[in-house]
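There are 2 protein chains.
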Amino acid sequence: MTTAALPFPPPAELLEQLRRARRVLCISHVNPDGDAYGSLLAMVWILRALGKEATPAMDAVTTGEFAFLPGIAEVIAPAAVAPVYDLVVCLDASSPDRMGAAWRAEIQATPLAVIDHHRTNTLFGAVNWVESACAATCQMLLYLAQALDVPVAGPLATCLLTGLVTDTLGFRTSNTSAEVLEAAMVLQRSGVSVAEIAGQTVGRMPLTTLRLWGRVLQSVEFAEGVLWATVRLADLAAVGAGADEAKISSILATVAEAEMSAVFTEKLGESGQPQVECSFRAKPGFNVADLAFSFGGGGHAPAAGCTVDGTLTEMIPLIVGRLQEERRRQSGRIQA
Amino acid sequence: MTTAALPFPPPAELLEQLRRARRVLCISHVNPDGDAYGSLLAMVWILRALGKEATPAMDAVTTGEFAFLPGIAEVIAPAAVAPVYDLVVCLDASSPDRMGAAWRAEIQATPLAVIDHHRTNTLFGAVNWVESACAATCQMLLYLAQALDVPVAGPLATCLLTGLVTDTLGFRTSNTSAEVLEAAMVLQRSGVSVAEIAGQTVGRMPLTTLRLWGRVLQSVEFAEGVLWATVRLADLAAVGAGADEAKISSILATVAEAEMSAVFTEKLGESGQPQVECSFRAKPGFNVADLAFSFGGGGHAPAAGCTVDGTLTEMIPLIVGRLQEERRRQSGRIQA
Chain Y
1323 MTTAALPFPP PAELLEQLRR ARRVLCISHV NPDGDAYGSL LAMVWILRAL
1373 GKEATPAMDA VTTGEFAFLP GIAEVIAPAA VAPVYDLVVC LDASSPDRMG
1423 AAWRAEIQAT PLAVIDHHRT NTLFGAVNWV ESACAATCQM LLYLAQALDV
1473 PVAGPLATCL LTGLVTDTLG FRTSNTSAEV LEAAMVLQRS GVSVAEIAGQ
1523 TVGRMPLTTL RLWGRVLQSV EFAEGVLWAT VRLADLAAVG AGADEAKISS
1573 ILATVAEAEM SAVFTEKLGE SGQPQVECSF RAKPGFNVAD LAFSFGGGGH
1623 APAAGCTVDG TLTEMIPLIV GRLQEERRRQ SGRIQA
Chain V
1323 MTTAALPFPP PAELLEQLRR ARRVLCISHV NPDGDAYGSL LAMVWILRAL
1373 GKEATPAMDA VTTGEFAFLP GIAEVIAPAA VAPVYDLVVC LDASSPDRMG
1423 AAWRAEIQAT PLAVIDHHRT NTLFGAVNWV ESACAATCQM LLYLAQALDV
1473 PVAGPLATCL LTGLVTDTLG FRTSNTSAEV LEAAMVLQRS GVSVAEIAGQ
1523 TVGRMPLTTL RLWGRVLQSV EFAEGVLWAT VRLADLAAVG AGADEAKISS
1573 ILATVAEAEM SAVFTEKLGE SGQPQVECSF RAKPGFNVAD LAFSFGGGGH
1623 APAAGCTVDG TLTEMIPLIV GRLQEERRRQ SGRIQA
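Residue numbers (our numbering), protein chains in the order written: chain Y, 1323 to 1658; chain V, 1323 to 1658.
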């Protein structure tokens, strides 16, 4: 396909680099989400369709809820990353540290191509393709496949749709553009199902999570447009839930009265010190990314997060105060 | 537009009837959802774009969460329905009784056009356009607007997108086809926002609902692939929530372990007798519509409901038993 027809055409230099490569290592980010796994594996399927040798790598190999993704069993751990590649492609990571241990010293001299949709991307590759108007790195990879004349179907389509559905929280984030819906339509027409992928990801949780909600939603507090809930280690233990099962952010974000919301999850750091994992959400017109960033975290305007040292008792009043302050400031700006 | 280009072209007879009409009464169904309101008002906007006089009517005038829909303030109550129309258009209702009191004796001699996407439609109009492969009546009305060369934008687009988003639960039902996504794309391109409409409907709830969840999710039970929860009148009173705020069905439906789920809401009938409102959900491959139908209710394979006379103590074991039986039978059929 001529790239001119694509809503976001990949740069010619990237296409050239990919066409020239023979052995490619693909890496995505730590604490992987659906777009990290989806874009990592989609890149591998694109490269293989072009006849390349392609290997996916990650900081840690933990499939969990994304076990259904075709190719996920092939993801290698950092220890298996050897300096045998002529190209590294970094996906959905806004800076080199986001690759974690997979970005081994041994491969740092290899040419690096960066493909990402985060506006905070530090452009750390030899070639950088960053489209912050795309809702997911997987959206970009659909255009890449089309530009390289790789048929979009089967495993590739499943991976692409997973990133698209998860990063938009099932087409509910404000960056769900007509192009996102068109991409979903193209993928659905290729044989994968939006409803099925949603049912495997954003529309799926273990029973322990539901039981956890029953406990955590008792703790909900609301003041000055900010809604928050607390997930204690004791709550997790009581229902046999893992910390990563606390997806309460999405629910809190739907409350009509709240412009911003936060879920505070109690955890222990590497040396056993108390930590609080913070997950923030904002309604359209509000932004929680700057706040998360100021605490060393990241994300997008409507959904961001950070992990801070401290106890729940210390950190919650502090961070809720900051959220209320941000919300006041941003409300003023909206009304002005 | 030539109707041949549309995925589901409206019948020529319907187009002719609409073009001929001058004063049109539009009616949708009792207990209105987003597609009932959306299709009702979209039809009004289409007719007005054609220069017709068009009036929306409903069994009861209760806007609630759909107050944002353009034109909703014009919906008239049954008492205001007079025999002055030369056409009645019935939207999203599978049988005449679904129109409730709006289907007044005085207008029953007026020619009736039926537009609906329920496969159970009894074809009770002079003209019937029923497309069960469409996910929403609003999806059909997009094609109708296109066939009639009515520009799709502004109020009309908002109404259409609302029906499409709500009836697919935000593109999560199994009938979310490529045509549904294409319709969403067309509407998004016309200036309305999928994310905003989702944020006003499927992605929005009052704080009282969240507090209600905190209580109700304590009652969750799971056995033989069926998950259920109970909403007692005491729960509603404790948090100050209305009965219609118990949208727990969608959450229960996401639990990985459950093939079927049910929410039982305690209520009082017109003469004060105890009743149970049942809301059922089924995973892809399972069907709860037949069960709901056997209890005098209705719906689709993945989402259906009914209201039965009796107390929670009497009805829950009975209905859960029937669900478990259905689930066993349907599992056998899937595996066979």
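We put the beta carbon where it would ideally sit given N, CA and C, even for glycine.
Secondary structure of residue i, DSSP reduced to three states
i	result
Y:A1559	helix
Y:I1429	helix
V:D1357	helix
Y:F1380	The sequence as given places Met at residue 1380 of chain Y; Phe does not occur at that position. If DSSP states are grouped into helix, strand and coil, Y:M1380 belongs with coil.
Y:G1621	strand
V:S1629	The residue asked about is misnamed: residue 1629 of chain V is Thr in this sequence, not Ser. Here V:T1629 sits in strand by DSSP.
V:R1341	helix
Y:V1553	strand
V:R1511	helix
V:A1611	helix
V:A1658	Confidence in V:A1658 is poor, its pLDDT being 47 and thus under 50, which makes the residue's placement too unreliable to answer from.
V:I1570	coil
Y:E1648	helix
V:R1526	coil
Y:F1388	helix
V:L1372	coil
V:P1329	coil
Y:G1393	coil
Y:S1499	coil
V:R1494	coil
Y:A1479	helix
V:A1506	helix
Y:G1564	coil
Y:V1403	coil
Y:T1324	coil
Beta-bridge partners of residue i, as assigned by DSSP
i	result
Y:M1637	In DSSP, Y:M1637 forms no bridge with anything.
V:C1348	V:P1378 and V:V1411
Y:L1590	Y:P1596
V:A1545	V:V1548
V:V1577	Y:M1527
V:S1660	Summary: the structure shown does not reach residue 1660 of chain V, with chain V confined to residues 1323 through 1658, and so no result is reported for it.
Y:I1398	Y:A1379
8 Å Cβ cut-off: residues of chain V touching residue i
i	result
Y:A1578	R1526, M1527, P1528 and L1529
Y:F1544	L1529
Y:R1511	A1500
Interface partners of residue i on chain Y, CB under 8 Å
i	result
V:P1606	A1517, E1518 and G1521
V:R1533	L1539 and V1542
Partners in chain V for residue i, counting only beta-carbon separations shorter than 7 Å
i	result
Y:Q1540	G1536
Y:M1582	Those do not exist, as Y:M1582 stays about 14 Å from chain V at its closest Cβ, beyond 7 Å.
Partners in chain Y for residue i, counting only beta-carbon separations shorter than 7 Å
i	result
V:A1506	L1503
Contact set between the stretch 1618-1645 of chain Y and chain V, restricted to residues whose Cβ is under 7 Å from the partner: none
Under 9 Å (Cβ pairs) to chain V, residues found in the stretch 1486-1504 of chain Y: V1487, T1490, L1491, G1492, F1493, R1494, T1495, S1496, N1497, T1498, S1499, A1500, E1501, V1502, L1503 and E1504
Completely contained alpha helix (DSSP H) runs for the stretch 1409-1473 of chain Y, where each covers 4 or more residues: 1459-1469
Under 7 Å (Cβ pairs) to chain V, residues found in the stretch 1378-1408 of chain Y: none
Against chain Y: residues of the stretch 1452-1483 of chain V by CB proximity under 8 Å: The residues in question: there are none.
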